[in-house]
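Trainee: With full-length UniProt numbering as the guide, the letters of the sequence shown map in order to residues 1 to 70.
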Amino acid sequence: MKSYLQQRITRALKARFGARKIPFAFVLELTKAGRLHLHGVIHVPEGERSELNSALRCAGGKWDAWLPEK
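#1: Determine the direct distance from the alpha carbon of Arg35 to that of Val41, and round the result to whole angstroms.
#2: At what residue ranges does the stretch 26-69 contain a whole run of the beta strand (DSSP E), taking only runs of 3 or more?
#3: Just confirm the distance between the C-beta atoms of Arg20 and Ala55, as a whole number of angstroms; I'd bet it's less than 8 Å.
#4: Which residues share a DSSP beta bridge with Phe24?
#5: Classify Ala33 as buried or exposed, calling it buried when 16 or more other Cβ atoms lie within 10 Å of its own Cβ.
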């Protein structure tokens, strides 16, 4: 799962930022309810945050809904 997400994020960042390498790291965790949760860091200049948000939305794909844990 981690390599799949890493590849999707890498491709999305490359599509938005071109050949420039954008450093990132993340770790996957499972909540007590068994839901996947991601923590990470990505370094981009403050003026490029909207491009980063767009790239991450592209990498994450469409989600049906966010459901809070019970």
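Just so it is clear, CB atoms sit at the ideal spot from N, CA and C, and this is done for glycine as well.
Mentor: So, from the data block:
#1: One-based indexing of the sequence shown puts residue 41 at position 41. One-based indexing of the sequence shown puts residue 35 at position 35. Rounded to the nearest angstrom, the two C-alpha atoms are 20 Å apart.
#2: 36-42
#3: Locating residue 20 in the sequence shown gives position 20, where the first residue counts as 1. Locating residue 55 in the sequence shown gives position 55, where the first residue counts as 1. So it is not a contact: roughly 12 Å between Cβ atoms.
#4: Position 24 of the sequence shown holds residue 24. Answer is Ile42.
#5: Here residue 33 refers to the residue found at position 33 of the sequence shown. Answer is exposed; the Cβ neighbour count stays below 16.
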